[in-house]
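Structure, as structure tokens:
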Ligand code: ZN
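In the numbering used here, the protein residues as written are 3 to 138.
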């Protein structure tokens, strides 16, 4: 069961350059940055009620976010849905011929398990499932 919008992922060239907008203009609480080597990104989270905004800055010029920026420029990158059971969410997707982008859930920021779906199977939107680890 998916139970909330956990966060929206926004691709940016530089978290530092984008800081003003989210912290000062929008007045959101900055929750810090974290590197996620698996995804080739540095991320920054800003709390927005029950959800957050996740800024994604590429760690190098090869990863998926670097390619996204090259092809689309900065902008909305993915929608992350929270779940208590990521394996069940993944199973439901594959049962309905929605492809997953990884064979197993991966390590995300904030000690969470994450899994992306193939956007060609989901109306062109890149969806992420995310589950808090039980030892968290
Ligand atoms: Zn995300």
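C-beta: ideal position from N, C-alpha, C; glycine also.
Computed from a predicted model, the values in this text were never measured in an experiment.
For residue i, the three-state DSSP class (helix, strand or coil)
i, result
"residue 23", "helix"
"residue 15", "coil"
"residue 102", "strand"
"residue 107", "coil"
"residue 125", "coil"
"residue 134", "strand"
"residue 71", "helix"
"residue 120", "coil"
"residue 8", "strand"
"residue 140", "Nothing about residue 140 can be read from this structure; the chain reaches only from 3 to 138."
"residue 89", "helix"
Between the CA atoms of residue j and residue i - distance to the nearest angstrom
i, j, result
"residue 84", "residue 127", "16 angstroms"
"residue 4", "residue 103", "18 angstroms"
"residue 110", "residue 10", "14 angstroms"
"residue 28", "residue 77", "17 angstroms"
"residue 96", "residue 90", "10 angstroms"
"residue 138", "residue 93", "Because the pLDDT of residue 138 is 49, which lies under 50, any placement of that residue in the model is unreliable, and the number read from its coordinates should be weighed accordingly. Going from the Cα of residue 138 to the Cα of residue 93 covers about 23 angstroms."
"residue 57", "residue 40", "16 angstroms"
"residue 118", "residue 86", "16 angstroms"
"residue 114", "residue 133", "6 angstroms"
Spatially closest choice to residue i from the options, by CA coordinates
i, options, result
"residue 66", "53, 80 and 54", "80"
"residue 63", "44, 27 and 136", "44"
"residue 6", "97, 99 and 50", "50"
"residue 26", "9, 48 and 41", "48"
"residue 24", "106, 55 and 101", "55"
Are there three or more Cβ pairs, one per stretch, closer than 8 angstroms when the stretch 62-77 is compared with the stretch 12-26? Verdict: yes, contact present.
At least three beta-carbon pairs within less than 8 angstroms, the stretch 122-131 to the stretch 30-39: Verdict: no, contact absent.
I need the residues with a C-beta less than 6 angstroms from some heavy atom of ligand 1; please give them in chain order. 9, 11, 56, 80, 82 and 130
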